[in-house]
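Visitor: In case it helps, my numbering puts the sequence shown at residues 306 to 420.
Each residue gets a CB set at the ideal place from its N, CA and C atoms; glycine is no exception.
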Amino acid sequence: MINFGITERKKEELEQRMQKCNLFEKDIEETFVRSSGSGGQKVNKSSTCVHLKHITSGLSVKIQKSRSQGLNRYYARKRMCELLENKLLGKESTAAKRIEKIRKQKDRNRRRTSS
């Protein structure tokens, strides 16, 4: 796998997660574009924003979270895994479970305060 400037543990976790949701490097089309927003001269001069497109599913992700292209490549792959998991697993995905948990907490708080 490619070196993104992250720890070995994170790299291994990403590889396992990509395998679990059937995301392979050969199925990804990756382009780099110039970022916008904060970051100053560094962002304006270099193409740090990463645009990933998963060819088989048609999903695309554009990430400009960091000033580093390597970190943005990591974040983009991580986000692509999240989207694929949501698409494949539906209500069983980790994001859906987290949203459901927050919704239940809000309902519980509303019941407590309305009394």
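For residue 364, which residues in the same chain have their Cβ closer than 6 Å to its Cβ, ignoring the five residues on either side in sequence?
Guide: Closer than 6 Å at the Cβ level, and outside the excluded window around residue 364, lie 388.
Visitor: With a threshold of 8 Å, are at least 3 pairs of Cβ atoms found where one atom belongs to the region 315-323 and the other to the region 336-345?
Guide: no
Visitor: Distance, Cα to Cα, residue 412 vs residue 399?
Guide: 20 Å
Visitor: If you run the structure through DSSP and keep just helix, strand and coil, what is residue 352?
Guide: coil
Visitor: Assuming residue 365 is part of the beta strand (DSSP E), what are its boundary residues?
Guide: 365-368
Visitor: CB residue 367 to CB residue 386, shorter than 8 Å?
Guide: no
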